[in-house]
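Data first, discussion second: the structure below is written as C-alpha coordinates.
Rendered as C-alpha coordinates:
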(Lines of atoms letter the chains of each structure in order from A; the text may use other names.)
(Lines give C-alpha, C1' and ligand atoms only; values in the text may rest on other atoms or scores of the structure.)
Protein backbone atom coordinates (compact mmCIF):
# COMPACT_ATOMS: atom_id res chain seq x y z
CA UNK A 42 0.00 0.00 0.00
CA UNK A 43 2.81 2.35 0.88
CA UNK A 44 4.51 1.71 -2.47
CA UNK A 45 1.28 2.51 -4.31
CA UNK A 46 0.94 5.76 -2.39
CA UNK A 47 4.56 6.69 -3.19
CA UNK A 48 3.99 5.79 -6.84
CA UNK A 49 0.83 7.91 -6.94
CA UNK A 50 2.62 10.89 -5.38
CA UNK A 51 5.54 10.48 -7.79
CA UNK A 52 3.16 10.32 -10.77
CA UNK A 53 1.27 13.41 -9.60
CA UNK A 54 4.57 15.30 -9.13
CA UNK A 55 5.75 14.29 -12.61
CA UNK A 56 2.47 15.43 -14.15
CA UNK A 57 2.63 18.74 -12.32
CA UNK A 58 6.19 19.38 -13.51
CA UNK A 59 5.26 18.57 -17.10
CA UNK A 60 2.18 20.85 -17.01
CA UNK A 61 3.77 23.81 -15.18
CA UNK A 62 6.06 24.93 -18.03
CA UNK A 63 3.14 24.89 -20.48
CA UNK A 64 1.15 27.21 -18.22
CA UNK A 65 4.15 29.50 -17.76
CA UNK A 66 4.53 29.95 -21.52
CA UNK A 67 0.83 30.75 -21.88
CA UNK A 68 1.16 33.89 -19.74
CA UNK A 69 -0.25 37.04 -21.24
CA UNK A 70 2.09 40.02 -21.57
CA UNK A 71 0.41 43.41 -21.33
CA UNK A 72 2.05 45.58 -23.97
CA UNK A 73 1.82 49.17 -25.14
CA UNK A 74 2.03 50.76 -28.58
CA UNK A 75 5.70 51.64 -28.09
CA UNK A 76 6.44 47.91 -27.80
CA UNK A 77 5.41 47.42 -31.44
CA UNK A 78 8.21 49.69 -32.67
CA UNK A 79 11.89 48.84 -32.79
CA UNK A 80 13.69 50.50 -29.88
CA UNK A 81 15.55 52.79 -32.30
CA UNK A 82 12.35 54.32 -33.74
CA UNK A 83 10.91 57.58 -32.42
CA UNK A 84 8.11 57.31 -29.88
CA UNK A 85 4.53 58.04 -30.90
CA UNK A 86 4.07 61.08 -28.72
CA UNK A 87 1.81 62.92 -31.11
CA UNK A 88 -0.43 62.34 -34.07
CA UNK A 89 2.43 63.72 -36.18
CA UNK A 90 3.85 60.18 -36.19
CA UNK A 91 2.62 59.41 -39.74
CA UNK A 92 4.56 62.42 -41.02
CA UNK A 93 7.64 61.38 -39.01
CA UNK A 94 7.33 57.80 -40.31
CA UNK A 95 7.07 59.04 -43.90
CA UNK A 96 10.53 60.59 -43.51
CA UNK A 97 12.09 57.40 -42.10
CA UNK A 98 14.02 55.16 -44.49
CA UNK A 99 11.64 52.25 -43.72
CA UNK A 100 8.44 54.41 -43.50
CA UNK A 101 7.61 52.75 -40.17
CA UNK A 102 7.56 49.27 -41.68
CA UNK A 103 10.23 47.82 -39.40
CA UNK A 104 8.46 45.51 -36.97
CA UNK A 105 9.35 44.34 -33.49
CA UNK A 106 9.94 40.60 -33.68
CA UNK A 107 10.58 39.99 -29.97
CA UNK A 108 6.82 39.56 -29.36
CA UNK A 109 6.24 37.13 -32.23
CA UNK A 110 3.75 34.38 -31.34
CA UNK A 111 3.55 35.57 -27.72
CA UNK A 112 0.15 36.00 -26.13
CA UNK A 113 -0.26 39.73 -25.58
CA UNK A 114 -2.89 42.18 -24.42
CA UNK A 115 -3.02 45.59 -26.11
CA UNK A 116 -5.58 48.37 -25.75
CA UNK A 117 -6.47 50.69 -28.60
CA UNK A 118 -9.33 51.87 -30.77
CA UNK A 119 -11.27 49.53 -33.05
CA UNK A 120 -12.02 50.57 -36.60
CA UNK A 121 -14.25 47.99 -38.36
CA UNK A 122 -13.01 46.43 -41.60
CA UNK A 123 -15.58 43.62 -41.93
CA UNK A 124 -18.95 44.06 -40.25
CA UNK A 125 -22.60 43.23 -40.52
CA UNK A 126 -24.67 45.76 -38.60
CA UNK A 127 -23.17 46.01 -35.14
CA UNK A 128 -21.32 42.66 -35.41
CA UNK A 129 -17.67 43.07 -36.34
CA UNK A 130 -15.74 40.16 -37.84
CA UNK A 131 -12.44 41.98 -38.39
CA UNK A 132 -11.10 45.38 -37.36
CA UNK A 133 -7.98 47.52 -37.26
CA UNK A 134 -6.66 48.31 -33.80
CA UNK A 135 -5.10 51.78 -33.84
CA UNK A 136 -3.44 53.95 -31.17
CA UNK A 137 -5.67 57.03 -31.49
CA UNK A 138 -9.18 57.97 -32.59
CA UNK A 139 -9.48 59.21 -36.14
CA UNK A 140 -6.48 57.19 -37.35
CA UNK A 141 -6.90 55.75 -40.86
CA UNK A 142 -10.23 57.33 -41.73
CA UNK A 143 -10.08 60.98 -40.65
CA UNK A 144 -6.34 61.56 -40.44
CA UNK A 145 -3.11 60.27 -41.96
CA UNK A 146 -2.63 56.56 -41.40
CA UNK A 147 -0.24 55.54 -38.62
CA UNK A 148 2.84 53.61 -39.76
CA UNK A 149 2.24 49.87 -40.26
CA UNK A 150 4.04 49.03 -37.01
CA UNK A 151 1.32 50.96 -35.18
CA UNK A 152 -1.65 49.10 -36.71
CA UNK A 153 -2.88 45.63 -35.75
CA UNK A 154 -5.36 43.69 -37.89
CA UNK A 155 -7.63 41.82 -35.45
CA UNK A 156 -9.93 38.89 -36.14
CA UNK A 157 -12.03 38.20 -33.01
CA UNK A 158 -12.59 34.61 -31.88
CA UNK A 159 -16.31 35.46 -31.91
CA UNK A 160 -18.00 38.37 -33.71
CA UNK A 161 -17.62 41.46 -31.55
CA UNK A 162 -20.67 43.66 -30.97
CA UNK A 163 -19.46 47.23 -31.50
CA UNK A 164 -21.55 50.26 -30.66
CA UNK A 165 -19.35 52.88 -32.39
CA UNK A 166 -16.28 53.23 -34.58
CA UNK A 167 -13.13 53.89 -32.56
CA UNK A 168 -14.57 52.09 -29.59
CA UNK A 169 -11.82 51.58 -27.00
CA UNK A 170 -11.08 47.86 -26.67
CA UNK A 171 -8.51 45.49 -25.26
CA UNK A 172 -7.34 42.67 -27.51
CA UNK A 173 -5.75 39.47 -26.21
CA UNK A 174 -4.17 36.85 -28.46
CA UNK A 175 -1.03 35.66 -30.25
CA UNK A 176 0.72 38.53 -32.01
CA UNK A 177 2.07 37.78 -35.49
CA UNK A 178 4.34 40.31 -37.22
CA UNK A 179 3.86 40.56 -40.97
CA UNK A 180 2.54 43.12 -43.42
CA UNK A 181 -1.09 42.78 -44.49
CA UNK A 182 -3.31 45.07 -46.51
CA UNK A 183 -6.97 45.68 -45.71
CA UNK A 184 -9.62 47.64 -47.55
CA UNK A 185 -11.32 50.16 -45.34
CA UNK A 186 -14.64 51.49 -46.63
CA UNK A 187 -15.15 55.10 -45.56
CA UNK A 188 -17.66 57.74 -46.59
CA UNK A 189 -15.58 59.17 -49.40
CA UNK A 190 -14.38 55.86 -50.85
CA UNK A 191 -12.10 52.93 -50.21
CA UNK A 192 -8.73 53.22 -48.53
CA UNK A 193 -6.10 50.46 -48.47
CA UNK A 194 -4.44 50.27 -45.05
CA UNK A 195 -1.25 48.35 -44.36
CA UNK A 196 -0.96 46.79 -40.91
CA UNK A 197 2.25 45.40 -39.46
CA UNK A 198 0.73 42.85 -37.09
CA UNK A 199 -2.20 40.47 -36.85
CA UNK A 200 -3.99 38.83 -33.96
CA UNK A 201 -6.36 36.05 -34.98
CA UNK A 202 -8.90 34.33 -32.71
CA UNK A 203 -8.57 37.31 -30.39
CA UNK A 204 -10.49 37.85 -27.20
CA UNK A 205 -11.90 41.37 -27.37
CA UNK A 206 -13.26 43.38 -24.45
CA UNK A 207 -14.52 46.94 -24.21
CA UNK A 208 -12.41 49.18 -21.96
CA UNK A 209 -12.98 52.65 -20.53
CA UNK A 210 -9.54 54.02 -21.38
CA UNK A 211 -6.49 53.29 -23.50
CA UNK A 212 -3.51 53.91 -21.21
CA UNK A 213 -1.08 55.17 -23.85
CA UNK A 214 -3.50 56.93 -26.18
CA UNK A 215 -2.48 60.01 -28.10
CA UNK A 216 -4.84 62.95 -27.66
CA UNK A 217 -5.44 65.16 -30.67
CA UNK A 218 -4.42 68.79 -30.23
CA UNK A 219 -7.28 71.14 -29.32
CA UNK A 220 -6.74 73.16 -32.53
CA UNK A 221 -7.04 70.02 -34.70
CA UNK A 222 -10.19 69.90 -36.84
CA UNK A 223 -10.56 66.31 -35.64
CA UNK A 224 -10.28 67.06 -31.89
CA UNK A 225 -13.98 66.14 -31.51
CA UNK A 226 -12.75 62.54 -31.83
CA UNK A 227 -10.89 62.76 -28.50
CA UNK A 228 -12.67 60.33 -26.19
CA UNK A 229 -14.02 62.05 -23.10
CA UNK A 230 -15.41 60.07 -20.18
CA UNK A 231 -17.72 61.73 -17.72
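In our numbering, the protein residues as written are 42 to 231. The beta carbon of each residue, even a glycine, is placed where N, CA and C say it ideally should be.
Starting from residue 119, follow the beta strand (DSSP E) in both directions and report where the run begins and ends. Sequence index remark: in the chain shown, residue 119 carries index 78 (1-based). Counting along the chain, the beta strand (DSSP E) containing residue 119 begins and ends at 112–125.
Helix, strand or coil, according to DSSP, for residue 77 in the structure here? The residue labelled residue 77 in the question sits at position 36 within the chain shown. It is helical.
Just to confirm, are residue 108 and residue 70 a CB contact at a threshold of 9 Å? Position 67 of the chain shown holds residue 108. Position 29 of the chain shown holds residue 70. If you check the CB distance, residue 108 and residue 70 come in under 9 Å.
Which of the three DSSP states, helix, strand or coil, is assigned to residue 157? By one-based count along the chain shown, residue 157 stands at place 116. Assigned with DSSP and collapsed to three states, residue 157 falls in strand.
Less than 9 Å separating the beta-carbons of residue 148 and residue 102? Counting from 1 along the chain shown, the entry for residue 148 is found at position 107. Counting from 1 along the chain shown, the entry for residue 102 is found at position 61. Result yes, Cβ atoms of residue 148 and residue 102 sit closer than 9 Å.
Give, in chain order, every unbroken run of the beta strand (DSSP E) that is at least 3 residues long and sits entirely within the segment 163–213. Those beta strand (DSSP E) runs which fall completely within the segment 163–213 and span 3+ residues are 168–187 and 190–207.
Among 161, 175, 194 and 130, the one whose alpha carbon lies nearest that of residue 140: Looking up residue 140 in the chain shown gives position 99. Among 161, 175, 194 and 130, the Cα nearest to that of residue 140 is on 194.
Please report the distance separating the alpha-carbon of residue 211 from that of residue 131. Within the chain shown, the letter at position 170 stands for residue 211. Within the chain shown, the letter at position 90 stands for residue 131. Using only the alpha carbons, I get a separation of about 20 Å.
Length of the line joining the Cα atoms of residue 171 and residue 165: For this step, residue 171 is matched to residue 130 along the chain shown. For this step, residue 165 is matched to residue 124 along the chain shown. The alpha-carbon atoms of residue 171 and residue 165 are separated by roughly 15 Å.
Residue 209 versus residue 176 - alpha carbon distance: What you label residue 209 is simply residue 168 of the chain shown in a count that begins at 1. What you label residue 176 is simply residue 135 of the chain shown in a count that begins at 1. Approximately 23 Å between the Cα atoms of the pair.
Nearest to residue 106 by CA position, among 203, 205, 206 and 197, is which residue? Taking the first residue of the chain shown as position 1, residue 106 is located at position 65. Closest option to residue 106, Cα to Cα, is 197.
Can you list, in chain order, the residues of its chain with a C-beta nearer than 6 Å to that of residue 113? Leave out the 5 residues immediately preceding and following it. Here residue 113 refers to the residue found at position 72 when the chain shown is read from its first residue. Exclusion of the five residues before and after residue 113 leaves 70, 72 and 176 as the residues of its chain whose Cβ lies within less than 6 Å of its Cβ.
Is it buried or exposed, residue 162, if we count other Cβ atoms within 10 angstroms and call 16 or more buried? For the purposes of this step, residue 162 is taken as the residue at position 121 of the chain shown. Flag for residue 162 reads exposed.
Hey, residue 129 and residue 119: beta-carbon distance below 9 Å or not? As a position in the chain shown, residue 129 is number 88, starting the count at 1. As a position in the chain shown, residue 119 is number 78, starting the count at 1. The answer is yes: Cβ separation under 9 Å.
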